[in-house]
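Participant: Numbering (our numbering), first residue to last: 6 to 709.
Beta carbons are placed, not taken as given, at the ideal position from N, Cα and C, and that holds for glycine.
The following block contains the structure, expressed as structure tokens.
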Ligand code: ADP
Ligand code: MG
């Protein structure tokens with residue numbers, strides 16, 4: 006197997022696996038129930054681990070031993086206590102169990118490499134956590150693919166669309182736990198993500214939670230003696246209420262799905278412990294009323310994406326629906342009515358990402374296999390100058406490969422196709438060789454060029470000639486945030502220098518030269534610190550996650566590092582989000598290389614409240630300072646920020662004891678966007694200097 010060929014959608018709610026073979030995709034079915042996907046749910050009971058449908062069934066009755074939606078905590082330091090095993094499990098471990106289960110569907114096939122999809126908004130840490138789950142499940146090679154790209158690949162390849170000119174599409178992905186909206190450019194042969202927005206804490210599960218809070222709880226309260234039921238359900242104080250919460254959540258989800266096809270749905274509630282026995286009816290209208298605000302949250306991101314890219318809805322050719330939540334008729338109607346864009350529903354929105362992942366895997370060469378080739382005895386390349394020219398994408402059944410050789414070369418050449426279906430045999434070489442090679446349909450064809458000397462001894466080979474036939478390919482995946490270098494200024498403050506901008510296409514590479522701003526003496530404990538952070542270059546407050554950090558101490562030097570000496574910094578981000586930093590100080594002949602794949606960060610509700618409080622104080626002070634200037638427009642904006650920060654701050658305080666829902670993460674997500682808006686606001690005012698200086702998270706960077 007030359008290409009990776011296996012694609013996996015590791016979803017928040019449901020996961021699936023598919024294989025690419027000879028231009029076709031087959032989804033590995035779950036042998037139990039023969040479904041395309043399994044719930045991403047793990048349960049632990051009496052020493053048995055169950056994954057998928059069975060585990061989900063237990064979520065209503067045995068909630069404390071059942072774990073779901075852990076993808077939303079990927080990359081966080083949160084752990085789940087497994088009573089049955091008396092140990093903690095991380096989101097990575099739980100995800101690797103789901104992956105293991107998927108691999109079992111491939112019965113007997115040995116799968117070493119896979120493409121795993123991630124939301125477009127996953128940052129470096131979340132991406133690396135996903136890769137780690139893949140390795141823990143036994144894969145040796147994981148390539149990540151952003152979900153909206155996968156969905157587009159599924160649409161463009163499966164529907165055999167004939168696209169003759171540039172078109173723009175929106176991929177509206179409302180799944181179980183995350184919402185993503187991506188703007189895609191598609192032409193005859195490739196796809197490119199222009200821009201995207203997303204919220205990792207907006208999904209179907211939030212509709213279920215609202216369903217319980219806003220519909221079921223009031224109905225129960227009306228019929229029984231219960232009061233403050235919602236607070237009791239989510240507090241860690243009372244196990245009976247917690248149990249009821251999970252039962253209601255399960256039933257709410259079932260009712261929600263029923264309401265996509267029926268006008269009403271019924272829920273039976275029976276709790277002996279709490280003496281509640283009820284049968285309640287819910288109408289589609291009631292449901293639509295409560296989900297309106299969640300739809301608006303998603304639609305706001307759609308509008309913002311369009312506006313930020315200076316487009317109108319009329320510039321978009323179609324909207325592709327992805328994710329189970331898009332089955333909801335209200336969402337389809339609203340999207341259609343408010344955008345007037347064709348809403349595409351031809352493919353199953355719950356399997357599009359799996360299919361797209363497999364298409365991508367089918368065009369992606371496995372480096373594992375290249376590694377095996379590398380391990381073969383090495384042929385000396387003899388510094389022969391060879392230029393190979395060909396079209397990497399083709400719709401034809403054959404393509405031309407042109408090889409330009411240096412004048413002095415006198416020998417033979419041979420071109421082979423990796424599957425063995427084509428071989429030129431040994432032919433006399435000339436200065437310019439032109440060879441038509443046949444292509445297998447809807448796949449990536451891999452060719453190798455060999456050169457031999459007059460004695461027919463191999464002197465050169467190039468196995469990297471790839472021509473993809475018929476499939477849409479992607480022009481690259483964009484990074485969701487800026488990646489910056491944190492630098493010290495002589496004033497003692499630090500600032501961010503952008504290394505890679507949001508939406509730059511992976512893989513990325515850049516060299517930056519700096520001069521040292523002060524002396525670092527050998528054998529001293531003074532340090533040169535290189536800190537690479539991910540976030541928004543303008544607003545580092547609270548969003549500056551360190552993703553790569555190198556400290557070089559004077560004690561390691563054999564010579565002094567003097568002010569003014571050059572430092573060469575090379576940064577690389579691989580397609581699968583490994584960050585490598587190479588530091589080279591020529592004056593000291595010192596070279597340090599490190600690869601980072603951070604996969605954990607901490608979200609603390611106390612830290613969140615503090616950060617929000619600090620921002621609120623800054624805004625209040627700005628309001629006081631600005632009031633005499635009578636700049637009413639600016640003041641009004643400040644007051645709006647003050648209001649949203651106050652709401653957020655109160656929410657953070659109120660949720661200190663919420664041990665059950667994902668509120669903390671939702672607040673973190675809102676905090677990030679509020680802080681981004683604040684920076685834009687402050688950006689027009691000199692006051693932002695103070696904002697930036699309070700935003701500083703680390704100190705003592707010794708070079709600029
Ligand atoms: P993910 O990508 O997060 O794994 P999916 O795309 O599989 O999620 O979507 C799962 C979500 O879709 C769940 O919240 C589920 O309740 C919801 N869902 C599935 N089918 C329907 C339906 N017919 N109507 C409404 N919601 C649905
Ligand atoms: Mg999904």
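Closest to residue 14 by CA distance: which of 620, 366 and 503 is it?
Facilitator: The count along the chain shown starts at 1 and reaches residue 14 at position 9. Measuring from the Cα of residue 14, the nearest candidate turns out to be 366.
Participant: Check for me: the alpha helix (DSSP H) holding residue 248 runs from which residue to which?
Facilitator: Taking the chain shown and counting its residues from 1, one reaches residue 248 at position 243. 244–264 is the extent of the alpha helix (DSSP H) around residue 248.
Participant: Would you mind giving the Cβ-Cβ distance between residue 71 and residue 46, rounded to the nearest angstrom? I have them listed as a contact below 8 Å.
Facilitator: As a first step, residue 71 is located in the chain shown; it is residue number 66 there, counting from the start. As a first step, residue 46 is located in the chain shown; it is residue number 41 there, counting from the start. Contact holds; Cβ gap of about 6 Å.
Participant: Could you give the uninterrupted runs of the alpha helix (DSSP H) lying entirely in the segment 579–605, keeping only those of 4 residues or more?
Facilitator: Listed in chain order, there is nothing to give.
Participant: Contact check, residue 476 vs residue 395 under 8 Å by CB: the rounded distance?
Facilitator: Working through the chain shown from its first residue, we reach residue 476 at position 471. Working through the chain shown from its first residue, we reach residue 395 at position 390. No, residue 476 and residue 395 are not in contact; Cβ-Cβ is about 17 Å, not under 8 Å.
Participant: Express the C-alpha separation of residue 131 and residue 100 in angstroms, rounding to a whole number.
Facilitator: On the chain shown, residue 100 is found 95 positions in, with the first residue counted as 1. On the chain shown, residue 131 is found 126 positions in, with the first residue counted as 1. Answer to the nearest angstrom: the Cα atoms are 12 Å apart.
Participant: For residue 68 and residue 541, I'd like the C-alpha separation in whole angstroms.
Facilitator: Counting from 1 along the chain shown, the entry for residue 68 is found at position 63. Counting from 1 along the chain shown, the entry for residue 541 is found at position 536. Each residue's alpha carbon lies about 38 Å from the other.
Participant: In three-state DSSP terms, what is residue 169?
Facilitator: Start at 1 with the first residue of the chain shown, and residue 169 comes out as number 164. DSSP places residue 169 in coil when its eight states are reduced to three.
Participant: Could you work out which residue in 455, 473 and 128 is closest to residue 750 when comparing CA atoms only?
Facilitator: With the chain represented from 6 up to 709, any question about residue 750 goes unanswered, as that position is not in the structure.
Participant: Considering only heavy atoms of the ligand MG, does any lie closer than 8 Å to the CB of residue 183?
Facilitator: Taking the first residue of the chain shown as 1, we reach residue 183 at position 178. Correct: residue 183 has its Cβ closer than 8 Å to the ligand MG.
Participant: Locate the beta strand (DSSP E) running through residue 443, then write down its first and last residues.
Facilitator: Here residue 443 is taken as the residue at index 438 of the chain shown, counted from 1. Segment 437–443, the beta strand (DSSP E) holding residue 443.
Participant: In chain order, which continuous runs of the beta strand (DSSP E) of length 3 or greater are located wholly inside the segment 85–112?
Facilitator: Listed in chain order, the complete beta strand (DSSP E) runs (minimum 3 residues) inside the segment 85–112 are 85–87 and 92–94.
Participant: Closer than 8 Å: is that where the CB of residue 210 sits relative to any heavy atom of the ligand MG?
Facilitator: Stepping through the chain shown from its first residue, residue 210 is reached at position 205. No - the ligand MG has no heavy atom lying nearer than 8 Å to the Cβ of residue 210.
Participant: With a threshold of 8 Å, are at least 3 pairs of Cβ atoms found where one atom belongs to the segment 152–168 and the other to the segment 266–277?
Facilitator: At 8 Å Cβ cutoff, the stretches do not touch.
Participant: If you draw a straight line from the alpha carbon of residue 17 to that of residue 77, how long is it in whole angstroms?
Facilitator: Residue 17 sits at position 12 when you count from the first residue of the chain shown. Residue 77 sits at position 72 when you count from the first residue of the chain shown. Using only the alpha carbons, I get a separation of about 7 Å.
Participant: On the DSSP letters alone, give me the boundaries of the beta strand (DSSP E) that residue 424 sits inside.
Facilitator: For the purposes of this step, residue 424 is taken as the residue at position 419 of the chain shown. Note, residue 424: premise wrong, no beta strand (DSSP E); not H, not E.
Participant: The alpha helix (DSSP H) with residue 651 in it runs from where to where?
Facilitator: Your numbering for residue 651 matches position 646 in the chain shown. Residues 637–659.
Participant: For a test of the three-state rule: what should DSSP assign to residue 63, helix, strand or coil?
Facilitator: Numbered from 1 along the chain shown, position 58 holds the residue referred to as residue 63. Reduced to three states, the DSSP call for residue 63 is helix.
Participant: With distance defined between alpha-carbon atoms, name the residue in 121, 603, 602 and 573 nearest to residue 1.
Facilitator: One cannot answer for residue 1 here, as it falls past the ends of the chain, which runs 6 to 709.
Participant: Please say whether residue 325 and residue 344 have beta carbons closer to each other than 9 Å?
Facilitator: Here residue 344 refers to the residue found at position 339 when the chain shown is read from its first residue. Here residue 325 refers to the residue found at position 320 when the chain shown is read from its first residue. Cβ atoms of residue 344 and residue 325: not closer than 9 Å.
Participant: Determine the extent of the beta strand (DSSP E) in which residue 53 is found, giving its start and end residues.
Facilitator: As a first step, residue 53 is located in the chain shown; it is residue number 48 there, counting from the start. From DSSP, the beta strand (DSSP E) with residue 53 extends over 53–56.
Participant: Within the present structure, is the beta-carbon of residue 231 separated from the nearest heavy atom of the ligand MG by less than 8 Å?
Facilitator: Position 226 of the chain shown, counting from 1, holds the residue named residue 231. Flag unset: Cβ of residue 231 not near the ligand MG.
Participant: Rank 112, 504 and 197 by C-alpha distance to the C-alpha of residue 151 and give the top, closest one.
Facilitator: Position 146 of the chain shown, counting from 1, holds the residue named residue 151. Closest by alpha carbon: 197.
Participant: Can residue 175 and residue 307 be called in contact, C-beta distance under 9 Å?
Facilitator: Indexing the chain shown from 1 puts residue 175 at position 170. Indexing the chain shown from 1 puts residue 307 at position 302. Cβ distance < 9 Å, so residue 175 and residue 307 count as in contact.
Participant: Could you tell me whether the Cβ atoms of residue 148 and residue 181 are closer together than 9 Å?
Facilitator: Position 143 of the chain shown, counting from 1, holds the residue named residue 148. Position 176 of the chain shown, counting from 1, holds the residue named residue 181. No.
Participant: With H, G and I counted as helix, E and B as strand and the rest as coil, what does DSSP make of residue 410?
Facilitator: Here residue 410 corresponds to residue number 405 of the chain shown, with the count starting at 1. It is a strand residue.
Participant: Since residue 554 is in the alpha helix (DSSP H), which residue starts that stretch and which ends it?
Facilitator: The count along the chain shown starts at 1 and reaches residue 554 at position 549. Residue 554 -> not in any alpha helix (DSSP H); beta strand (DSSP E) instead, spanning 550–558.
Participant: Just reading off the beta strand (DSSP E) that residue 313 is part of, what are its end residues?
Facilitator: Here residue 313 refers to the residue found at position 308 when the chain shown is read from its first residue. Segment 289–313 is the alpha helix (DSSP H) holding residue 313; no beta strand (DSSP E) there.
Participant: Grab the span of the alpha helix (DSSP H) containing residue 339 for me, first residue to last.
Facilitator: Reading the chain shown from its first residue, position 334 is the one you call residue 339. Its alpha helix (DSSP H) spans residues 334–344.
Participant: Please report how far the alpha carbon of residue 25 lies from the alpha carbon of residue 185, in whole angstroms.
Facilitator: As a first step, residue 25 must be located in the chain shown, where it is residue number 20. As a first step, residue 185 must be located in the chain shown, where it is residue number 180. Approximately 25 Å between the Cα atoms of the pair.
Participant: Roughly how many angstroms lie between the CA atoms of residue 381 and residue 551, to the nearest whole one?
Facilitator: Here residue 381 corresponds to residue number 376 of the chain shown, with the count starting at 1. Here residue 551 corresponds to residue number 546 of the chain shown, with the count starting at 1. Annotation note: pLDDT 49 at residue 381 (below 50); position unreliable, coordinate value reported separately. Between residue 381 and residue 551, the C-alpha separation is close to 39 Å.
Participant: Starting from the C-beta of residue 155, find all residues in its chain whose C-beta is less than 6 Å away, skip the five residues before and the five after it, and write them out in chain order.
Facilitator: Numbered from its first residue, the chain shown carries residue 155 at position 150. Within the same chain, residue 155 has close Cβ partners 122, 358, 361 and 362.
Participant: Could you spell out the range, first to last residue, of the alpha helix (DSSP H) harbouring residue 35?
Facilitator: Within the chain shown, numbered from 1, the residue matching residue 35 stands at position 30. Neither: residue 35 is in no alpha helix (DSSP H) and is coded neither H nor E.
Participant: Tell me which residue opens and which closes the alpha helix (DSSP H) that residue 476 is part of.
Facilitator: Taking the chain shown and counting its residues from 1, the one referred to as residue 476 is at position 471. Note, residue 476: premise wrong, no alpha helix (DSSP H); not H, not E.
Participant: Assuming residue 327 contacts residue 354 under a Cβ cut-off of 8 Å, what Cβ separation, rounded to an integer in Å, is found between them?
Facilitator: Position 322 of the chain shown, counted from the first residue, corresponds to residue 327. Position 349 of the chain shown, counted from the first residue, corresponds to residue 354. At roughly 5 Å, the Cβ-Cβ gap stays under 8 Å, so residue 327 and residue 354 are in contact.
Participant: Going by beta carbon distance, what residues of the same chain come within less than 6 Å of residue 529, once the five residues before and after it are set aside?
Facilitator: As a first step, residue 529 must be located in the chain shown, where it is residue number 524. Excluding sequence neighbours, residue 529 sits near 559.
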